[in-house]
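The sequence shown begins at 18 in the working numbering and counts up one residue at a time. For reference, the structure is listed below as structure tokens.
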Amino acid sequence: MRHVLVSDDAFLWELVPPSPRAHDTVYVVEEPAVRARIARHGGTAVGGNLAHQAVYRRAFRSGHEPVVVAVDPARQVAVVRAIRRVAPAAPVLVVSDVTRVLRRLPGVTTVSPRVFAERVVGPELERALTRARVDRIRAQLAPRARVLIMMQDDPDPDAIASALALRTLLGRDRGSAPIATFGTVTRPENRALIDLLRLDVRRIGPEDVARYDGAAMVDVQPSFFEERAFARVDLVVDHHPEERPVHAAVKDVRPEYGATSTILTEYLRAAEITPTARLATALLYGIKTDTQDLERGATRADLDAFAFLHAHASLGALRRIERPELSPEALDTLGRGIRDRRVVDGIVFSHLGRIGYPELVAQFADLFLQVRGARWSVVSGTVNGELHVSVRAAEPSRAAGVVVRDAFGDLGSAGGHRAMAKAVVRLADWRARVGHLTGDRILRRFRRALRAGRG
Ligand SMILES: [Mn+2]
Numbered sequence: 018m019r020h021v022l023v024s025d026d027a028f029l030w031e032l033v034p035p036s037p038r039a040h041d042t043v044y045v046v047e048e049p050a051v052r053a054r055i056a057r058h059g060g061t062a063v064g065g066n067l068a069h070q071a072v073y074r075r076a077f078r079s080g081h082e083p084v085v086v087a088v089d090p091a092r093q094v095a096v097v098r099a100i101r102r103v104a105p106a107a108p109v110l111v112v113s114d115v116t117r118v119l120r121r122l123p124g125v126t127t128v129s130p131r132v133f134a135e136r137v138v139g140p141e142l143e144r145a146l147t148r149a150r151v152d153r154i155r156a157q158l159a160p161r162a163r164v165l166i167m168m169q170d171d172p173d174p175d176a177i178a179s180a181l182a183l184r185t186l187l188g189r190d191r192g193s194a195p196i197a198t199f200g201t202v203t204r205p206e207n208r209a210l211i212d213l214l215r216l217d218v219r220r221i222g223p224e225d226v227a228r229y230d231g232a233a234m235v236d237v238q239p240s241f242f243e244e245r246a247f248a249r250v251d252l253v254v255d256h257h258p259e260e261r262p263v264h265a266a267v268k269d270v271r272p273e274y275g276a277t278s279t280i281l282t283e284y285l286r287a288a289e290i291t292p293t294a295r296l297a298t299a300l301l302y303g304i305k306t307d308t309q310d311l312e313r314g315a316t317r318a319d320l321d322a323f324a325f326l327h328a329h330a331s332l333g334a335l336r337r338i339e340r341p342e343l344s345p346e347a348l349d350t351l352g353r354g355i356r357d358r359r360v361v362d363g364i365v366f367s368h369l370g371r372i373g374y375p376e377l378v379a380q381f382a383d384l385f386l387q388v389r390g391a392r393w394s395v396v397s398g399t400v401n402g403e404l405h406v407s408v409r410a411a412e413p414s415r416a417a418g419v420v421v422r423d424a425f426g427d428l429g430s431a432g433g434h435r436a437m438a439k440a441v442v443r444l445a446d447w448r449a450r451v452g453h454l455t456g457d458r459i460l461r462r463f464r465r466a467l468r469a470g471r472g
């Protein structure tokens, strides 16, 4: 489609030079010298007084061509009126800050020249700054033969994805940049992610740190670890607020970001590294989980990274991570759980008895919170000589973690967050302190703790 670009000097010609694909661009200019220059460079230009309609007779064919106008503000209205007389129906875009009068003219849209800075120059400037930061990170770590990439104790998808992205950014492998934690990966989704990435997460102790030449931390800060575990830290990239000042050769802590994966995605883009489908999937999942599907604490930066990663990720792999497979035995357990469920005072409760692996209680507690009228979901089961109790809450009046601690804290480990909590009690301890294990006794303890909080 033909475009008409109207400018009293060479401004639009320089901004939008003709390209092979936009061969149907007509430049309308005032000065004969500018017109001649455009023509010399192979462009189509017509010249004449921009406030008179004659010049537009030569520029328009159908009269429906879109027009961009970039002229002196004092002439804008006169120029648009002249265009209108020749092409009453053409959509007109005026590059202008003076919008009051122009807006009253039908079919006229305006764009502020500042928008060019905001939308075009701004992001590119950001990218240049990020690029400089990436160079600094690479320079800092280049002399280190073996760099430890540390994550928090029970690494979540944001940490796992960020660690792999950092290793990719540094161009290193598992030998020169092992990914490590002092803890273990427990949640089944997180283990599925690690399987997908074929990542080996090394479990180390604080005494092992000295065996590496450098240390980088992602999604975590030195103060989150045991005192003096790290004598020197080369790099910290995180989005948690700084509880204590972070001391690192290079640090990038952005509490306003929804995920560390977003920061790492910006690094990769600035370094012009296209993530593999696996890495993109992991980073996408990292942002999804840390922002609860972009619903909590996600910023413009998280949305931009998300859109970028979405184009590179494997959505099939993502589905497999988010919805872990259920074995036939797990389905039988679920069947039993559904059959034996009880619903009292908005609490959906089910004791599964012996289960194949501990994560099933959490998975089914999630599911049971979907039961109509459920405000609390409590699912228990026994495995490896332990009782596991998982609790989920919908808009709880008291934090689930507090209720679970009140109910089971005297018997074993118990706690959690506002909407989810968990208790693990050794069966021997339960028998010694409570007696025979029954669903009734578990539910009674939970209800008593919940009631006590209300009173
Ligand atoms: Mn995070």
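By construction, the Cβ of each residue, glycine as well, lies at the ideal position given by its N, Cα and C atoms. Quick caveat: nothing in here was measured; it's all calculated off a predicted structure.
- Between proline 15 and the rest of its own chain, which residues show a CB-CB distance below 6 Å, the 5 nearest in sequence each way excluded? One cannot answer for residue 15 here, as it falls past the ends of the chain, which runs 18 to 472.
- Query: If you drop the 5 nearest sequence neighbours on each side, which residues of the same chain put their C-beta closer than 6 Å to that of arginine 317?
  - Reply: Start at 1 with the first residue of the sequence shown, and residue 317 comes out as number 300. Counting only Cβ-Cβ distances below 6 Å, and skipping sequence neighbours, we find nothing.
- Message: Short of 6 Å in beta carbon distance, which residues of its chain neighbour leucine 460, apart from the five on each side in sequence? Order them along the chain.
- Response: By 1-based counting over the sequence shown, the position of residue 460 is 443. Result list for leucine 460: Phe366, in chain order.
- Query: Quick one, which of Thr201, Leu214 and Asp251 has its alpha-carbon nearest leucine 165's?
  - Reply: As a position in the sequence shown, residue 165 is number 148, starting the count at 1. When only C-alpha atoms are compared, the closest one is Asp251.
- Message: Can you find the residues in the same chain that come closer than 7 Å, C-beta to C-beta, to alanine 71, ignoring five residues on each side of it along the sequence?
- Response: Translated into positions along the sequence shown, residue 71 becomes position 54. So the list reads Gly65, once near-sequence residues are dropped.
- Task: Taking only runs that begin and end inside the region 110 to 186, name each unbroken alpha helix (DSSP H) of 4 or more residues, in chain order.
- Result: 117 to 121 and 139 to 158
- Item | C-alpha distance - leucine 320 paired with leucine 311, whole-angstrom precision | Numbered from its first residue, the sequence shown carries residue 320 at position 303. Numbered from its first residue, the sequence shown carries residue 311 at position 294. Distance between the alpha carbons of leucine 320 and leucine 311 is about 8 Å.
- Query: Between which two residues does the alpha helix (DSSP H) harbouring glycine 354 extend?
  - Reply: Taking the sequence shown and counting its residues from 1, the one referred to as residue 354 is at position 337. Element bounds for glycine 354: 345 to 356.
- Task: Alpha carbon to alpha carbon, how far is aspartate 307 from valine 408? Give it in angstroms, no decimals.
- Result: Translated into positions along the sequence shown, residue 408 becomes position 391. Translated into positions along the sequence shown, residue 307 becomes position 290. So the two alpha carbons sit approximately 20 Å from each other.
- What number of angstroms, rounded off, separates the C-alpha of proline 83 from the C-alpha of leucine 22? On the sequence shown, position 66 is the one that residue 83 refers to. On the sequence shown, position 5 is the one that residue 22 refers to. Going by the C-alpha atoms only, they are around 9 Å apart.
- Is any heavy atom of ligand 1 found at a distance shorter than 8 Å from the C-beta of aspartate 236? As a position in the sequence shown, residue 236 is number 219, starting the count at 1. The answer is yes for aspartate 236.
- Message: So aspartate 173 and threonine 201 are supposed to be a Cβ contact under 8 Å. How far apart are they, rounded?
- Response: For the purposes of this step, residue 173 is identified with residue 156 of the sequence shown, where counting begins at 1. For the purposes of this step, residue 201 is identified with residue 184 of the sequence shown, where counting begins at 1. Wrong, their Cβ atoms sit about 13 Å apart, outside the cutoff.
- Euclidean distance between Cα positions of valine 378 and methionine 437: The residue given as residue 378 occupies position 361 in the sequence shown. The residue given as residue 437 occupies position 420 in the sequence shown. Taking the straight line from one Cα to the other gives about 12 Å.
- Provide the residue span of the beta strand (DSSP E) that contains glutamate 7, from first to last. Past the edges of the chain, shown from 18 to 472, lies residue 7, and the structure says nothing about it.
- Could you give the DSSP three-state label for isoleucine 221: helix, strand or coil? Working through the sequence shown from its first residue, we reach residue 221 at position 204. Looking at isoleucine 221 - three-state DSSP - the assignment turns out to be coil, as it is neither helix nor strand.
- Inspect the beta-carbon positions of aspartate 175 and threonine 298 and report whether they are closer than 9 Å. For the purposes of this step, residue 175 is taken as the residue at position 158 of the sequence shown. For the purposes of this step, residue 298 is taken as the residue at position 281 of the sequence shown. Not in contact: aspartate 175 and threonine 298 (Cβ atoms no closer than 9 Å).
- Item | Pairwise C-alpha distance: threonine 282 and valine 43 | As a first step, residue 43 is located in the sequence shown; it is residue number 26 there, counting from the start. As a first step, residue 282 is located in the sequence shown; it is residue number 265 there, counting from the start. Between valine 43 and threonine 282, the C-alpha separation is close to 40 Å.
- Taking buried to mean at least 16 other C-beta atoms within 10 Å of its own C-beta, is proline 292 buried or exposed? For this step, residue 292 is matched to residue 275 along the sequence shown. Proline 292 comes out buried.
- Task: Check whether the Cβ atoms of proline 413 and tryptophan 393 sit closer than 9 Å, and answer yes or no.
- Result: On the sequence shown, position 396 is the one that residue 413 refers to. On the sequence shown, position 376 is the one that residue 393 refers to. In contact: proline 413 and tryptophan 393 (Cβ atoms closer than 9 Å).
- Message: Checking the sheet assignment: what are the DSSP bridge partners for alanine 364?
- Response: As a first step, residue 364 is located in the sequence shown; it is residue number 347 there, counting from the start. According to the sequence displayed, residue 364 carries isoleucine and not alanine. In the DSSP output, where bridge partners are listed per residue, isoleucine 364 has Val361 and Trp393.
- Task: Taking tyrosine 73 and alanine 104 to be in contact with their CB atoms under 8 Å, please state how far apart those CB atoms are, rounded to whole angstroms.
- Result: The residue you call residue 73 lines up with position 56 of the sequence shown. The residue you call residue 104 lines up with position 87 of the sequence shown. Right, the Cβ-Cβ distance comes to about 7 Å (below 8 Å), so this counts as a contact.
- Message: So if DSSP puts alanine 56 in a beta bridge, which residue, or which two residues, is it bridged to?
- Response: Reading the sequence shown from its first residue, position 39 is the one you call residue 56. Note: alanine 56 sits in no beta bridge, so no partner.
- Item | threonine 277: CB within 8 Å of a non-hydrogen atom of ligand 1 | Residue numbering aside, residue 277 sits at position 260 when the sequence shown is read from its first letter. Yes, the beta carbon of threonine 277 sits closer than 8 Å to at least one heavy atom of ligand 1.
- For the putative contact between valine 388 and valine 420, defined by C-beta atoms under 8 Å, what is the C-beta separation to the nearest angstrom? Within the sequence shown, the letter at position 371 stands for residue 388. Within the sequence shown, the letter at position 403 stands for residue 420. The pair is not a contact, with the Cβ atoms about 19 Å apart (cut-off 8 Å).
- Message: I'd like the span of the beta strand (DSSP E) that includes leucine 335, first residue to last.
- Response: As a first step, residue 335 must be located in the sequence shown, where it is residue number 318. Premise fails: leucine 335 lies in the alpha helix (DSSP H), 332 to 339, not in any beta strand (DSSP E).
- Examine ligand 1 and report whether any of its heavy atoms sits within less than 8 Å of the Cβ of alanine 176. Counting from 1 along the sequence shown, the entry for residue 176 is found at position 159. Yes, since a heavy atom of ligand 1 falls inside the 8 Å radius drawn around the Cβ of alanine 176.
- Can you find a heavy atom of ligand 1 that lies under 8 Å from the Cβ of aspartate 349? Working through the sequence shown from its first residue, we reach residue 349 at position 332. Flag unset: Cβ of aspartate 349 not near ligand 1.
- Message: Whole angstroms are fine: how far does the CA of phenylalanine 323 sit from the CA of tyrosine 284?
- Response: Along the sequence shown, read from residue 1 onward, the residue named residue 284 stands at position 267. Along the sequence shown, read from residue 1 onward, the residue named residue 323 stands at position 306. Taking the straight line joining both Cα atoms gives about 14 Å.
- Cβ-based burial, valine 132 [other Cβ within 10 Å; buried from 16]: As a position in the sequence shown, residue 132 is number 115, starting the count at 1. Looking at its Cβ environment, which holds fewer than 16 other Cβ atoms inside 10 Å, valine 132 is exposed.
- According to DSSP, residues forming a beta bridge with alanine 44: On the sequence shown, position 27 is the one that residue 44 refers to. Rather than alanine, the amino acid found at residue 44 in this sequence is tyrosine. In DSSP, tyrosine 44 forms a bridge with Leu22 and Ala62.
- Does the region 249 to 268 come close enough to the region 145 to 158 that 3 or more CB-CB pairs lie under 8 Å? yes
- Between the beta-carbon of leucine 186 and the beta-carbon of isoleucine 290, is there less than 9 Å? The residue given as residue 186 occupies position 169 in the sequence shown. The residue given as residue 290 occupies position 273 in the sequence shown. Contact flag set, yes.
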